[in-house]
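Student: Here you go, one structure.
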Amino acid sequence: MKNPLILIVDDHLENIQVVGKILKFRNYDISFTTKSSEVLDIAKIKIPDLILLDIMMPGENGFEVALKLKNDDILKEIPIIFITALDDGDSIVKAFQSGGTDYIVKPVNKDELISRVKTQLDLKMTKDELLNKNIELNKMLKFKDQMLGMAAHDLKNPLNAILGYSELLQFNFENESHKNSQKILDTMIGIAVSMESLLREMLDLSAIQSGIIKIHNIQTDLLMLFRNCILKNTVMAAKKNIELKFLFSNIPETILTDPNKIDQVLSNLISNSIKYSHSDTKVIINLQFIDGKIVFYVEDQGQGIPENEKHLVFEPFTRTSVKATGGESSNGLGLAIIKKILEAMNGEIDLITEVGKGSKFTITIPTSDQIR
8 MKNPLILIVD DHLENIQVVG KILKFRNYDI SFTTKSSEVL DIAKIKIPDL
58 ILLDIMMPGE NGFEVALKLK NDDILKEIPI IFITALDDGD SIVKAFQSGG
108 TDYIVKPVNK DELISRVKTQ LDLKMTKDEL LNKNIELNKM LKFKDQMLGM
158 AAHDLKNPLN AILGYSELLQ FNFENESHKN SQKILDTMIG IAVSMESLLR
208 EMLDLSAIQS GIIKIHNIQT DLLMLFRNCI LKNTVMAAKK NIELKFLFSN
258 IPETILTDPN KIDQVLSNLI SNSIKYSHSD TKVIINLQFI DGKIVFYVED
308 QGQGIPENEK HLVFEPFTRT SVKATGGESS NGLGLAIIKK ILEAMNGEID
358 LITEVGKGSK FTITIPTSDQ IR
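In the numbering used here, the protein residues as written are 8 to 379.
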């Protein structure tokens, strides 16, 4: 943690030296100026945590400098302690009216200075913490609003569809007309699966945004995990005649990692590649273990992503202009969840993509755990 920075403003250098020596002994970093005209410029270069400001100076006095500081959007939150020889009531009132947070009369008492400086710095730290928490809270509230809006929008239509198909199915049974019942049931199941997937991803992202994400490392057969994950996606790939090709090298028998998180990342990448690829193409899954790191990529021959839209793919509730080739639904949550999971695992994700040629997502997950 860095030391607090204090800016001392006084037209007499000897006063600065006295105050600076006291504060440096307490491990505060010191910046100073003898010219009131330089205060704003110096403060903006490296924003101080506290300003000690003399009142009687050539040019602009301390009151005028304080007013300028408080009218500056960048500097207005910096606490100001006036240090002056003026001890009359009018000067003290004017000091607080111009934005001062405390007032010390010269000659400076060492213990008093240290105590008042510490009080103002503690108050500022508390205020900054509250401000940061409010910012995070507002982000969370915005996120929750987005979640609710998305739920209302993306779940309303499929729920209405299920209701309509259910009524049609009921009508068929009542009239002993079962010709299309299987097709209706298949459609309903497909809708329900999409809804379940959306709800699961929304709950995952909500938990992650709330800081609830835990990594559970166990000895894992990585090859079996990848084969099973690929197998789960073969039906989806077969519908578009997309080949899932698995390559691997240098894989130990077991690796200590979180199999559920890796499965979630891999399955999402594979399903995305299938979703945005045309029929009769190929998706390559390549797994390696390099220098104690799990490294794998999923590469497709799909549509690719425009360069100016690459930054959108990892943001929740955003979609690029690229559309699924088979009319599959997309909620814009999957890659955002992947990014958060990898951050929790100290991993990284890299995207190489070119419009008309496809995309390649590379995942690197470090591990220093025992391997056998």
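Glycine residues also receive a C-beta, built at the ideal position from the N, C-alpha and C atoms.
Note that the structure is a prediction, hence the values are computed from the model and not measured.
Which ranges would you report for the beta strand (DSSP E) in the segment 227-295 if only whole runs of at least 3 residues count?
Tutor: Counting whole runs of 3 or more residues, the segment 227-295 contains the beta strand (DSSP E) stretches 250-256, 262-264.
Student: Going by the CB atoms, is the gap between Asp287 and Asn248 shorter than 7 Å?
Tutor: Yes; because the gap between Cβ atoms is below 7 Å, this pair is in contact.
Student: Taking 7 Å as the CB-CB cut-off, is Phe296 touching chain B?
Tutor: In the displayed structure, chain B is absent; only one protein chain is listed.
Student: What whole-angstrom Cβ distance do Thr227 and Lys300 have, given they're in contact under 8 Å?
Tutor: The Cβ separation is near 15 Å, so there is no contact.
Student: Am I right that Gln127 and Pro86 are in contact with their C-beta atoms under 8 Å? What's the rounded C-beta distance?
Tutor: The pair is a contact, with the Cβ atoms about 5 Å apart (cut-off 8 Å).
Student: Taking the alpha-carbon positions, what's the Leu20 to Lys31 distance?
Tutor: The alpha-carbon atoms of Leu20 and Lys31 are separated by roughly 16 Å.
Student: Does DSSP put Ser122 in a helix, a strand or coil?
Tutor: In this structure, Ser122 counts as helix in the three-state DSSP scheme.
Student: Where does Glu361 sit, in a helix, a strand or coil, going by DSSP?
Tutor: Strand, per DSSP.
Student: Can you tell me the Cα-Cα spacing of Asp48 and Ile281, whole angstroms?
Tutor: Approximately 56 Å between the Cα atoms of the pair.
Student: From the DSSP output, in three-state form, read off Thr40 for me.
Tutor: The answer is strand: DSSP assigns Thr40 an E or B state.
Student: For Gly365, does the count of other Cβ atoms within 10 angstroms reach 16, so buried, or fall short, so exposed?
Tutor: Buried is the call here.
Student: Spatial neighbours of Ile29 within its chain, please: CB distance less than 8 Å, with the 5 preceding and 5 following residues excluded, ordered by chain position.
Tutor: Answer for Ile29: Val115, Lys117, Leu120, Ile121, listed in chain order.
Student: Can you give me the start and stop residues for the beta strand (DSSP E) that Ile312 sits inside?
Tutor: From DSSP, Ile312 is part of no beta strand (DSSP E); its letter is neither H nor E.
Student: So the alpha helix (DSSP H) Asp18 belongs to, where does it begin and stop?
Tutor: Run containing Asp18: none; DSSP gives neither H nor E here.
Student: Is Asp97 buried or exposed, if buried means 16 or more other CB atoms sit within 10 Å of its CB?
Tutor: The residue in question, Asp97, is exposed, as its Cβ has fewer than 16 Cβ neighbours within 10 Å.
Student: Quick one, are the C-beta atoms of Leu294 and Phe368 less than 7 Å apart?
Tutor: No.
Student: So what's Glu335 in DSSP terms, helix, strand or just coil?
Tutor: In this structure, Glu335 counts as coil in the three-state DSSP scheme.
Student: Given that a residue counts as buried once 16 or more other Cβ atoms are within 10 Å of its Cβ, and exposed if not, what is Gly363?
Tutor: That one is exposed.
Student: Could you tell me which of Met63, Cys236, Ala343, Ile344 sits nearest to Asn22, measuring between CA atoms?
Tutor: Checking every option, the nearest Cα to that of Asn22 belongs to Met63.
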